[in-house]
Amino acid sequence: MKTKAVIFDMDGLLIDSEPLWQEAGIEALLPHNIQLTVEQYHSSTGLRTLEWVDHWFTHFAVDKSNAAATVTRIEASAIDKINRLGKPMPGVEHIINFFLERNFAIGIASSSPLALIDVVIKKLGITQHLDAISSAQGLPFGKPHPQVYLNCAETLGIPAYRCICFEDSFNGMIAAKAAKMACVVVPEAAQYHSPRWGAADLKLGSLANFNQLLLDRFLQ
Numbered sequence: 000m001k002t003k004a005v006i007f008d009m010d011g012l013l014i015d016s017e018p019l020w021q022e023a024g025i026e027a028l029l030p031h032n033i034q035l036t037v038e039q040y041h042s043s044t045g046l047r048t049l050e051w052v053d054h055w056f057t058h059f060a061v062d063k064s065n066a067a068a069t070v071t072r073i074e075a076s077a078i079d080k081i082n083r084l085g086k087p088m089p090g091v092e093h094i095i096n097f098f099l100e101r102n103f104a105i106g107i108a109s110s111s112p113l114a115l116i117d118v119v120i121k122k123l124g125i126t127q128h129l130d131a132i133s134s135a136q137g138l139p140f141g142k143p144h145p146q147v148y149l150n151c152a153e154t155l156g157i158p159a160y161r162c163i164c165f166e167d168s169f170n171g172m173i174a175a176k177a178a179k180m181a182c183v184v185v186p187e188a189a190q191y192h193s194p195r196w197g198a199a200d201l202k203l204g205s206l207a208n209f210n211q212l213l214l215d216r217f218l219q
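Right, here's the structure in full:
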């Protein structure tokens with residue numbers, strides 16, 4: 000019986016999809032005369048698409064009657080781009096094997112729709128290693144609300160305090176900590192030195208850098 004769990008975010012952590020989400024999102028906002036800067040985009044990573052669109056439509060005072068269509072366009076475009084162009088992040092094979100060898104239950108808790116999660120886990124070849132998949136798509140609240148993480152832990156049958164989460168976004172980190180889970184952040188290089196990661200239990204430059212010595216910190 001597995002008594003410990005690791006839960007991974009997906010986009011930007013397991014697969015290099017954030018630039019493709021960014022491209023899909025920015026393209027979909029252009030017809031509404033919204034031109035996001037890279038900094039603006041990064042301030043809203045980790046949100047579900049519906050919340051992301053609502054955030055920027057509100058910010059730029061855009062009529063929200065087209066919000067649902069914009070969400071559909073972004074998600075369809077992102078799924079297509081990621082299916083064609085998405086690449087594994089460094090260290091994915093290492094981190095999955097690391098926790099498999101130590102008999103951890105393994106889950107994914109993502110803001111992405113299940114259709115995209117399915118595409119990504121097949122592309123990465125990790126479907127058979129996952130004990131639970133949790134999408135925030137149909138929940139009342141997405142990240143930074145902790146529900147998607149709590150749901151994943153419940154499906155795994157592991158108490159939240161015995162779960163270690165891996166995240167790459169600020170909103171995801173807040174969600175993991177709100178769920179009372181330990182959180183390892185692996186930010187993109189340009190965001191690595193930001194003080195915003197102070198709430199994390201550990202910060203790494205790559206999934207490949209995680210090892211037994213670091214794991215022992217969480218098992219004491």
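Just so you know, numbering that gives the first Met the number 0 puts the end of the sequence shown at 219, numbered straight through with nothing missing.
Beta carbons: idealized from backbone N, C-alpha and C, even for Gly.
Inset, instruction - Determine the closest residue to I116 out of M9, V5, A4, with distance taken between C-alpha atoms. - result: Along the sequence shown, one-based indexing puts residue 116 at 117. When the alpha-carbon of I116 is set against those of M9, V5, A4, the nearest one is in M9.
Inset, instruction - Would you decide whether L212 is buried or exposed? Buried here means 16 or more other CB atoms lie within 10 Å of its CB. - result: Numbered from 1 along the sequence shown, position 213 holds the residue referred to as residue 212. Classified as exposed, L212 has fewer than 16 neighbouring CB atoms from the shown chains inside 10 Å of its CB.
Inset, instruction - Within the same chain, show all residues whose beta-carbon is closer than 7 Å to that of M88, passing over the 5 residues directly before and after it, in chain order. - result: Here residue 88 refers to the residue found at position 89 of the sequence shown. Residues L12, L13, I14, D15, L206 of the same chain have their beta carbon placed closer than 7 Å to that of M88, with the five preceding and five following residues left out of the count.
Inset, instruction - For T71, count neighbouring C-beta atoms within 10 Å of its own C-beta (all shown protein chains included) and say buried if the count is 16 or more, exposed if not. - result: As a working note, residue 71 is residue 72 in the sequence shown. Label assigned to T71: exposed.
Inset, instruction - List the DSSP bridge partners of D10. - result: Within the sequence shown, numbered from 1, the residue matching residue 10 stands at position 11. Answer is I14.
Inset, instruction - Less than 8 Å between the CB atoms is what I'm expecting for F103 and K179, so what's the real figure, rounded? - result: Indexing the sequence shown from 1 puts residue 103 at position 104. Indexing the sequence shown from 1 puts residue 179 at position 180. No, F103 and K179 are not in contact; Cβ-Cβ is about 18 Å, not under 8 Å.
Inset, instruction - Go ahead and pull the three-state DSSP assignment for S134. - result: Working through the sequence shown from its first residue, we reach residue 134 at position 135. In this structure, S134 counts as strand in the three-state DSSP scheme.
Inset, instruction - May I ask you to report which of helix, strand or coil DSSP gives L28? - result: Residue mapping note: residue 28 aligns to position 29 of the sequence shown, counting from 1. Of the three classes helix, strand and coil, the one that applies to L28 here is helix, per DSSP.
Inset, instruction - May I ask you to verify whether the segment 164–178 touches the segment 121–128, counting CB pairs closer than 8 Å and requiring at least 3? - result: The segment 121–128 and the segment 164–178 do not touch, with fewer than three beta-carbon pairs separated by less than 8 Å.
Legend entry - Rounded separation between Y40 and N150 - CA only: As a working note, residue 40 is residue 41 in the sequence shown. As a working note, residue 150 is residue 151 in the sequence shown. Approximately 27 Å between the Cα atoms of the pair.
Inset, instruction - Quick one: give me the first and last residue of the alpha helix (DSSP H) that S168 is part of. - result: Against the sequence shown, residue 168 aligns to sequence position 169. Careful: S168 lies outside any alpha helix (DSSP H) and carries neither H nor E.
Inset, instruction - List the residues that DSSP assigns as beta-bridge partners of A104. - result: Here residue 104 is taken as the residue at index 105 of the sequence shown, counted from 1. Looking at the DSSP assignment, A104 forms a beta bridge with A4.
Legend entry - Secondary structure of V183, DSSP reduced to three states: Indexing the sequence shown from 1 puts residue 183 at position 184. Looking at V183 - three-state DSSP - the assignment turns out to be strand.
Inset, instruction - Consult DSSP for K202 and reduce its assignment to one of helix, strand or coil. - result: Within the sequence shown, the letter at position 203 stands for residue 202. Three-state result, K202: strand.
Legend entry - Proximity winner among A77, N96, P143, G90, relative to A108 (alpha-carbon distances): In the sequence shown, residue 108 corresponds to position 109, counting from 1. A check of alpha carbon separations from A108 across A77, N96, P143, G90 identifies P143 as the nearest.
Legend entry - 6 Å CB neighbourhood of K176 in its chain, flanking five on each side removed: On the sequence shown, residue 176 is found 177 positions in, with the first residue counted as 1. Excluding residues within five positions, the ones whose Cβ falls inside 6 Å are C182, A198.
Inset, instruction - Given a cut-off of 7 Å, decide if A77 and A23 are closer than it, judged by their beta-carbon atoms. - result: The sequence position of residue 23 within the sequence shown is 24, counting from 1. The sequence position of residue 77 within the sequence shown is 78, counting from 1. Yes.
Legend entry - For S193 and L19, the rounded distance between their alpha carbons: Within the sequence shown, residue 19 is the residue found at index 20, counting from 1. Within the sequence shown, residue 193 is the residue found at index 194, counting from 1. Looking at the two C-alpha atoms, the distance is approximately 23 Å.
Inset, instruction - Quick one: using the 10 Å Cβ neighbour count with 16 as the cut-off for buried, is S64 buried or exposed? - result: On the sequence shown, residue 64 is found 65 positions in, with the first residue counted as 1. Flag for S64 reads exposed.
Legend entry - Contact belief for V185 with F217 at Cβ below 8 Å, rounded distance in angstroms: If you number the sequence shown from 1, residue 185 lands on position 186. If you number the sequence shown from 1, residue 217 lands on position 218. So it is not a contact: roughly 15 Å between Cβ atoms.
Legend entry - Whole-Å CB distance - L46 paired with L35, under 8 Å assumed: Along the sequence shown, one-based indexing puts residue 46 at 47. Along the sequence shown, one-based indexing puts residue 35 at 36. Distance from L46 to L35 at the Cβ level is roughly 13 Å; contact not present, criterion being Cβ atoms closer than 8 Å.
Inset, instruction - Quick one: residues in its chain with C-beta nearer than 8 Å to the C-beta of H128, no 5 flanking neighbours on either side, listed in chain order? - result: Here the question's residue 128 lines up with position 129 in the sequence shown. Cβ within range, chain order: I95, L99, I105.
Inset, instruction - Return yes when the Cβ of I33 is within less than 7 Å of the Cβ of F7, no when it is not. - result: The residue labelled residue 7 in the question sits at position 8 within the sequence shown. The residue labelled residue 33 in the question sits at position 34 within the sequence shown. In this structure, F7 keeps its C-beta atom at 7 Å or more from the C-beta atom of I33.
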